[in-house]
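Asker: The following block contains the structure, expressed as structure tokens.
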């Protein structure tokens, strides 16, 4: 299958059962490193799947919180978080190195992703971990957040847009607890991607149009219609 030029990424290695079907449609992927889900076996299997499909590989670290799938900020110290991130990333890079898999980027997961956008101290902590373990990998994050502005000094940043999630007026994602947080229909997901990529605009939850910039676009790998959506997008772009 011919790859699309648009960089669509997905969170994988999360036991959602769709990774094999998703990979042919992706340019890049973010593999769970064990914080919210995953283990050495799932990391290795997903690395091999990505290599087979010529998909750029990313590490997908998170808060150490399997109970809430990393989507809730846990009450832990900065020291504990730092130690967990070091373990997750060192282990992931070790497995990748042993299997000749190049790591293209890092994309934080869930609550950690949003905290690194909105919390300067957390963003500094995360970047200090990358510095201490000598990781120069690119980073996927939202434009204008702390991880973006601080990370640009030492890392290549890819600004990310979410094609299966609704946005608020300040260009944050609508909380998953709200009914309108997730976009389910393939035509609506395509409409949002098309608007983002070709017009640099998005319709937010208030109905207003906002300017947005992104170089990579996320579709969550555990979305129940992820495969159907990617097939539809592929058809539309061709």
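In this note's numbering, the protein residues as written are 96 to 333.
All residues carry an ideal CB built from backbone N, CA and C; glycine is no exception.
1. Does residue 133 pass the burial test, meaning 16 or more other C-beta atoms within 10 Å, or should it be called exposed?
2. Pick from 160, 114 and 101: whose alpha carbon is nearest that of residue 323?
3. Using DSSP's beta-bridge definition, name the partner residues of residue 153.
4. Once the 5 residues before and after residue 290 are set aside, which same chain residues still bring their CB inside 8 Å of it?
5. Check whether the segment 185-194 touches the segment 211-223, counting contact only when three or more Cβ pairs, one atom from each stretch, lie closer than 8 Å.
6. Following the continuous beta strand (DSSP E) through residue 233, name the residue where it begins and the one where it ends.
7. Label residue 241 either buried or exposed according to how many other C-beta atoms from any shown protein chain fall within 10 Å of its C-beta, with 16 as the threshold for buried.
8. So residue 152 packs on residue 111, CB below 8 Å; how close in whole Å?
9. Would DSSP call residue 276 helix, strand or coil?
10. Just how far apart, CA to CA, sit residue 170 and residue 331?
11. Distance check for residue 283 and residue 141, CA to CA, integer angstroms please.
Answerer: For this structure:
1. As a first step, residue 133 must be located in the chain shown, where it is residue number 38. Under this definition residue 133 is a buried residue.
2. On the chain shown, position 228 is the one that residue 323 refers to. Here the closest residue by C-alpha is 114.
3. In the chain shown, counting from the first residue as 1, residue 153 sits at position 58. Beta-bridge pairing links residue 153 to 125 and 200.
4. As a working mapping, residue 290 is identified with position 195 in the chain shown. Around residue 290: 296, 297 and 298.
5. no
6. Translated into the one-based positions of the chain shown, residue 233 becomes position 138. Its beta strand (DSSP E) spans residues 233-236.
7. Numbered from 1 along the chain shown, position 146 holds the residue referred to as residue 241. The residue in question, residue 241, is buried, as its Cβ has 16 or more Cβ neighbours within 10 Å.
8. Along the chain shown, one-based indexing puts residue 152 at 57. Along the chain shown, one-based indexing puts residue 111 at 16. Wrong, their Cβ atoms sit about 18 Å apart, outside the cutoff.
9. In the chain shown, the residue the question calls residue 276 occupies position 181. The answer is coil: DSSP assigns residue 276 none of H, G, I, E or B.
10. Here the question's residue 170 lines up with position 75 in the chain shown. Here the question's residue 331 lines up with position 236 in the chain shown. Using only the alpha carbons, I get a separation of about 44 Å.
11. Position 46 of the chain shown, counted from the first residue, corresponds to residue 141. Position 188 of the chain shown, counted from the first residue, corresponds to residue 283. The alpha-carbon atoms of residue 141 and residue 283 are separated by roughly 29 Å.
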